[in-house]
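**Student:** Just dropping this structure here.
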Amino acid sequence: MGSGNGANSGIILALAVHPRTWCHICPMGTLGNWVSRGRGSLVIGQGCVSCQACSKVCPMQLEPYRYAARGVMGDNDCIRCSTCVERCPKKALSFDCEGDKKIDSSAA
Ligand code: SF4
Ligand code: SF4
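Each number in the numbering used here corresponds to the 1-based position in the sequence shown with 1137 added.
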């Protein structure tokens, strides 16, 4: 009893308000990011037509197409599983080893 129940209630309430709350607690995104480092960033090409098919299959509930203007995925929760790459009907998604360099240079 006590703080454990309070923490559980807090998590349940947070999940009710914001379904992705668990993603901020669960270490899988960070672990997946670490494991897939050699793959490079997810690149969103100019062929994207915003059909949103990628977001419907993403296991992390991400929306790659929202980063089309930037050209590179900007959400660190992306585990680079390639599910969206395989699903995209326009072949607009890919992994580019130069992707991280693009992000770094745009931040400077
Ligand atoms: S599935 Fe491909 S074309 Fe459709 S929104 Fe995603 S990146 Fe764009
Ligand atoms: S690579 Fe996987 S985790 Fe990343 S946006 Fe695509 S489907 Fe989601």
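Yeah, the Cβ is synthetic: ideal placement off N, Cα and C, and Gly gets one too.
Using 10 angstroms around the beta-carbon of arginine 1207, count the other beta-carbons present and answer buried if the total reaches 16, otherwise exposed.
**Tutor:** Classification of arginine 1207: exposed, given that the 10 Å Cβ count is below 16.
**Student:** Using a Cβ-Cβ cutoff of less than 8 Å, which residues in the same chain neighbour phenylalanine 1232 once the five nearest sequence positions on both sides are dropped?
**Tutor:** Excluding positions up to five away in sequence, the list reads Arg1176, Gly1177, Ser1178, Leu1179, Val1180, Arg1217, Ser1219, Val1222.
**Student:** Quick check on the DSSP output: the alpha helix (DSSP H) that includes valine 1194 runs from which residue to which?
**Tutor:** Start and end: 1190-1194.
**Student:** Can you look up serine 1137 in the DSSP assignment and give me helix, strand or coil?
**Tutor:** Past the edges of the chain, shown from 1138 to 1245, lies residue 1137, and the structure says nothing about it.
**Student:** Determine the burial state of alanine 1229: buried for a count of at least 16 other Cβ atoms within 10 Å of its Cβ, exposed for fewer.
**Tutor:** So alanine 1229 ends up on the buried side.
**Student:** Quick test of your reading: methionine 1197 and tyrosine 1204, contact by CB under 8 Å. State the CB separation rounded to the nearest angstrom.
**Tutor:** At roughly 14 Å, the Cβ-Cβ gap does not stay under 8 Å, so methionine 1197 and tyrosine 1204 are not in contact.
**Student:** Distance, Cα to Cα, serine 1242 vs isoleucine 1149?
**Tutor:** With a pLDDT of 49 at serine 1242, under the threshold of 50, the modelled position of this residue cannot be trusted, and the question is left open.
**Student:** Going by DSSP, name the residue or residues bridged to leucine 1179.
**Tutor:** Note: leucine 1179 sits in a beta bridge opposite Phe1232.
**Student:** Residue range of the alpha helix (DSSP H) that arginine 1224 falls in?
**Tutor:** 1220-1224 is the extent of the alpha helix (DSSP H) around arginine 1224.
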